[in-house]
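Protein chains in written order, with this note's numbering: chain W, 1 to 83; chain F, 84 to 166; chain P, 167 to 322; chain D, 323 to 478.
Glycine included, C-beta positions come from ideal geometry on N, C-alpha and C.
Since this is a predicted model, take the numbers as computed values, not measurements.
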């Protein structure tokens, strides 16, 4: 599974992207976040306030209950500020 | 009094502008139109349909009851089609 | 700023010049009106724009002043051409720069709607069948009427 | 058309290219977004725009497709920059050409409102006090929400 972090999530996790294989039970975006938070204080800081975080799976905006599968591209980021 | 004609009014009167001295009784735009219509068939054709004509006195849009005075600049034209 | 001219204009150069050095501007909305090759289902060879020199500049300046009263505008420009123009040619340019993009959009639409009904320009079209003066469109009056203040607002 | 690029763009050249040869276009509305030198009362030295390559192009194309469904559009272009930009620099260009000027105004405003809330861009500002990520404005959500179809329209 390819994970991408943007804006201050990137700063907190300390990486822009990584390739990870979450355990089998991690089947939704929400479960993925819970699992990521076990990976260290940087992840805990990044995902401390889920209200301020948006997610995309395979480049579509999704909610926390959206399924994730091996091979997916999953991105986390704050609300957009373009334009 | 300086008179100006635009668009098809110019075509019908046969002139873009002229200097005229209407008689003393001609005190409004409407009276001026009535007097101009006595000046020949071109003027009669130009002012046949007053609904389709707009007027300006000294470069301000006015109605037919607006006063006209010697020295005024009076313009006649159809509704505008700019932009 | 107001310009009435026979010559073509360069929208990019005008856009750049209008906001040059002013870093408080967040959004610039512009409108470019072009000569279409069709009108009322008829192919058009060209059109000639006649205007009322002196009064045109005066009315455009009044319209611009009105827009600046209604919206927070950092800079604005109206350029309107006259003379003979062929399909594809630029007729009019309206630019509004503001720190608020919605104000820039509204003010620019207002200026375009108002100059169509308030500025003393007349179009004569050339078709296969000859030339004729374009009649004013009631939809342009309707568009301009959108911006007329309601009676209870006029008292403010 | 959609472009996401680090380089600056030339609004005048883009305007001319978009309608070149198409004489059915009557009006072209454009929006240029610029970097302001102030944000939330603080002077800004520069900002850096980060984006999500691939998804950005996809979302911008979706937004453009949606606009073309809603309005009669002859041609449209969205150019959005990323990277470090100083005050006065151009960030984004949106152009909509239509034979109906009101459609061009509305579609251009729609595109700007939507790309602010739907396109995956994030701004980091540099001030005297250091750098910080810009928070999304609720007014941008409100602006985008204007265009959301009401339930009874969605069924049409």
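| Query | Result |
| --- | --- |
| Chain-ordered neighbours of residue 91 of chain F on chain A, where CB pairs are closer than 7 Å | Among the protein chains in the structure shown, which are W, F, P and D, there is no chain A. |
| Distance, residue 438 of chain D Cα to residue 289 of chain D Cα | Since the first residue of chain D shown is 323 and the last is 478, residue 289 of chain D is not available in this structure. |
| Proximity of residue 340 of chain D and residue 399 of chain D at Cβ, strictly below 8 Å | yes |
| Reduced DSSP category for residue 469 of chain D - H, G, I as helix; E, B as strand; rest coil | coil |
| Distance between residue 392 of chain D and residue 85 of chain F (C-alpha atoms, nearest Å) | 51 Å |
| Within chain F, the residues that residue 313 of chain P reaches when beta carbons sit closer than 9 Å | The contacting residues do not exist; residue 313 of chain P stays about 14 Å from chain F at best. |
| Residue ranges of each beta strand (DSSP E) within the segment 36–66 of chain W, 3 or longer | 54–57 and 60–62 |
| Cβ pair residue 305 of chain P, residue 211 of chain P closer than 8 Å | no |
| For residue 460 of chain D, the three-state DSSP class (helix, strand or coil) | helix |
| Cβ-based burial, residue 38 of chain W [other Cβ within 10 Å; buried from 16] | exposed |
| Distance between beta carbons of residue 198 of chain P and residue 250 of chain P, contact taken as under 8 Å | 19 Å between Cβ atoms; not a contact. |
| Residue 209 of chain P (DSSP reduced to helix, strand or coil) | strand |
| Through-space distance from residue 270 of chain P to residue 436 of chain D, alpha-carbon basis | 17 Å |
| Cross-strand partners of residue 360 of chain D (DSSP beta bridge) | D/365 |
| N-terminal and C-terminal residue of the alpha helix (DSSP H) that residue 103 of chain F is part of | Residue 103 of chain F -> no alpha helix (DSSP H), and no H or E assigned at all. |
| Straight-line Cα distance separating residue 78 of chain W from residue 56 of chain W | 11 Å |
| Neighbourhood of residue 379 of chain D by C-beta, 7 Å cutoff - its chain only, sequence neighbours within 5 removed | 324 and 326 |
| Three CB pairs or more closer than 8 Å across the segment 346–365 of chain D and the segment 218–232 of chain P | no |
| Residue 441 of chain D - DSSP class collapsed to helix/strand/coil | coil |
| Simplified DSSP state of residue 229 of chain P, which is helix, strand or coil | helix |
| Nearest-angstrom Cα separation, counted from residue 402 of chain D out to residue 15 of chain W | 25 Å |
| Own chain residues within Cβ distance below 6 Å of residue 348 of chain D, not counting five before or after | 421 |
| Inter-residue spacing [alpha-carbon to alpha-carbon] between residue 298 of chain P and residue 290 of chain P | 5 Å |
| Residue burial classification, residue 129 of chain F (beta-carbon count within 10 angstroms, cutoff 16) | buried |
| Residue environment, residue 10 of chain W, which counts as buried when at least 16 other CB atoms sit within 10 Å | buried |
| Inter-residue spacing [alpha-carbon to alpha-carbon] between residue 456 of chain D and residue 356 of chain D | 16 Å |
| Distance between beta carbons of residue 346 of chain D and residue 203 of chain P, contact taken as under 8 Å | 6 Å |
| Contacts of residue 332 of chain D in chain P (Cβ-Cβ under 8 Å) | 178 |
| Closer than 8 Å to chain W by CB, residue 443 of chain D | yes |
| CB contact check: residue 197 of chain P to chain D, cutoff 8 Å | yes |
| Residue 7 of chain W, DSSP secondary structure in three states | coil |
| Beta-carbon neighbours of residue 440 of chain D, restricted to chain W and to distances below 9 Å | 61, 80 and 82 |
| Residue 77 of chain W at chain D interface by Cβ criterion, 8 Å | yes |
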